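Participant: I am attaching a structure below and will ask some questions about it afterwards.
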Amino acid sequence: MGACLGVCSLLSCVSCLCGSAPCLLCGCCPSTKNSTITRLCFTLFLFLGTLVSIIMIIPGVEAELHKLPGFCEGGASILGTDGKVNCKSFLGHKSVYRMCFATAAFFFLFALMMICVRSSKDPRASIQNGFWFFKFLILIGITVGAFYIPDGSFTSVWFYFGVVGSFLFILIQLILLIDFAHSWSQVWLHNADEGNSKSWYTALFFFTFLFYAVSIAAVVLLYVYYTKPDNCTENKVLISLNLIFCVVVSVLSILPKIQDAQPHSGLLQASIITLYTMFVTWSALANVPNKYCNPTLLVRVENSNTTAVSDGGLMTQWWDAPSIVGLVIFVLCTLFISIRSSDHAQVNKMMLTEESPAMLNGNTPALEDGVHRAYDNEEDGVSYNYTFFHICLLLASLYIMMTLTNWYRPDEHHQELTSPWTAVWVKISSSWAGLLLYTWTLIAPIVLPDRDFH
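Per our numbering, residue 667 is the first one in the sequence shown, and the count goes up by one each step.
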């Protein structure tokens, strides 16, 4: 009897992984929306690729692979062929480029497949929300194929794809921060109106003050470590410009006309945007190709010299402070993309979010027998744009590729990684574009009074 139950349970799991049934919840999980589970599963695929990329650039991994009998070149043949595995082709920046190429290609494929899906009644919606085992096999297949791409100019060309994709993902991160900041402010102001207003206003003041204090400290440290009294003019200009722009948007957010048009706007949102802008500025300055003005660059060069492999292979150091912070922000933003459901109209328009009638009405279908499972909330309309969601994950793949390689450009001829000015200007220009987007969310109701932005 127990064996029969075990077989039935196994068949149920196989049906869940291979079919379109939204049953990827354990018994202890609360019932939730099918759309949320789907986004989380695709995000886990992205995190899996990121984890593999991180493992491949950890120093010492190559030495451990050589200890495996018959794996690296000089050992036994692989799968009956005469070829051996060159372990260096699986490590360093080349492996990161190929792994992220695989995940980007995977999400690009699904972005094309899901164009113009309007509800779960579309047959393609079942592909989006199910068949996870086959999706995993597709990702593995693309990954294996990516490692067969000849070196040639692949990494040099893919570097520029990464630059463009990362620029766009930084903008998406800032849009998500705007969304989060507006939602945070709306919830706390609503609680202040209904409850103990003094406590909620004190909490808002505390976090606003904290974010501005950290931002001011960041500006001071940037001037101390990335500028010199007699040099580093470019760094001084970039820090000063972003400081001025942040002051402008902060003042703009509390102007009476803005407050009348956007009652929930305020310094909390501006402080979050200011802090993120300072982070992007720090990340940009960390790529300035000048040892005198960029102490981080000097540390990287010294590390790469001391940890370089003996035969001149490329070793990538990614665990400096800007990269670690960028990795944390990447994880939080991709998770937020997976679970977000914004009430802020302008952010929804920028993120191409399509709120379904079920979401707007807040209806939750009754579940029989109290079984916890994902329920279909998209019969009347999708709760997010499928194609745009996959494009966001595609751009996230490119962003993590650039983050793990420090935005360094591979030079195949000299077997080294160089930090180009391209990375600096891409990051700085993305911070400016993000500040413009935030400014637009403030002034749009005034510039276009006939449109509904609430």
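Ideal Cβ placement from N, Cα and C applies to all residues, glycine included.
All values derive from a computational prediction rather than experimental measurement.
Report back the beta-carbon spacing between residue 1093 and residue 950 to the nearest angstrom; my notes put them in contact at under 8 Å.
Facilitator: Between residue 950 and residue 1093 the Cβ distance is about 4 Å, and since that is below 8 Å, they are a contact.
Participant: Is it buried or exposed for residue 962, if we count other Cβ within 10 angstroms and need 16 for buried?
Facilitator: buried
Participant: Among 1091, 935, 764, whose alpha-carbon lies nearest the alpha-carbon of residue 853?
Facilitator: 935
Participant: Looking at residue 893: is its Cβ nearer than 8 Å to the Cβ of residue 1097?
Facilitator: It is not a contact, given that the beta carbons lie outside the stated cut-off.
Participant: For residue 760, which option in 774, 996, 710, 818 has the closest C-alpha, if you only look at C-alpha atoms?
Facilitator: 818 is the residue among 774, 996, 710, 818 whose C-alpha sits nearest the C-alpha of residue 760.
Participant: Taking its Cβ as the centre, do 16 or more other Cβ atoms sit within 10 Å of residue 883, making it buried, or is it exposed?
Facilitator: Answer is exposed; the Cβ neighbour count stays below 16.
Participant: What residue range is occupied by the uninterrupted alpha helix (DSSP H) comprising residue 922?
Facilitator: Its alpha helix (DSSP H) spans residues 922 to 927.
Participant: Please classify residue 801: is it buried, with 16 or more other beta-carbons within 10 angstroms of its beta-carbon, or exposed?
Facilitator: Buried, because 16 or more other Cβ atoms sit within 10 Å of the Cβ of residue 801.
Participant: I need the straight-line Cα distance from residue 749 to residue 821, nearest angstrom please.
Facilitator: For residue 749, the predicted model reports a pLDDT of 42, less than 50, meaning its position is unreliable and no value from the coordinates is stated.
Participant: Let me make sure I understand the geometry here. Which of 713, 790, 724, 781 has the alpha-carbon closest to that of residue 770?
Facilitator: Measuring from the Cα of residue 770, the nearest candidate turns out to be 713.
Participant: For the alpha helix (DSSP H) that residue 856 lies in, which residues bound it at each end?
Facilitator: 820 to 860
Participant: Whose C-beta lies closer than 6 Å to the C-beta of residue 716 among residues of the same chain, with five residues either side of it excluded?
Facilitator: 1066
Participant: Exposed or buried, what is residue 875 when buried is set at 16 or more other beta-carbons lying within 10 Å of its beta-carbon?
Facilitator: exposed
Participant: Find the nearest neighbour of residue 899 within the set 1064, 993, 956, judged by alpha-carbon distance.
Facilitator: 956
Participant: Sort out for me which residues DSSP pairs residue 897 with in a bridge.
Facilitator: 894
Participant: Helix, strand or coil, according to DSSP, for residue 764 in the structure here?
Facilitator: helix
Participant: Counting beta carbon pairs with one atom in the region 824 to 837 and one in the region 909 to 924, are three or more of them shorter than 8 Å?
Facilitator: no
Participant: For the alpha helix (DSSP H) containing residue 1071, name the first residue and the last one.
Facilitator: Per DSSP, residue 1071 belongs to no alpha helix (DSSP H) and is neither H nor E.
Participant: Would you say the region 914 to 921 touches the region 846 to 860, given that touching needs at least three Cβ pairs under 8 Å?
Facilitator: no
Participant: Return the chain-ordered list of same chain residues with a C-beta closer than 7 Å to the C-beta of residue 1099, the five sequence neighbours on each side being excluded.
Facilitator: 837
Participant: Less than 8 Å between C-beta atoms, sequence neighbours within five positions excluded: which residues of the same chain meet that for residue 940?
Facilitator: 877, 878, 881, 912, 915, 916
Participant: Any chance the region 1050 to 1061 sits against the region 807 to 815, with 3 or more Cβ pairs inside 8 Å?
Facilitator: Cβ pair count under 8 Å is below three, so no.
Participant: Looking only at its chain, what residues have a beta carbon closer than 7 Å to the beta carbon of residue 1057, apart from the 5 residues adjacent to it on each side?
Facilitator: Within the same chain, and ignoring the five residues on either side of residue 1057 in sequence, the residues whose Cβ sits closer than 7 Å to its Cβ are 777.
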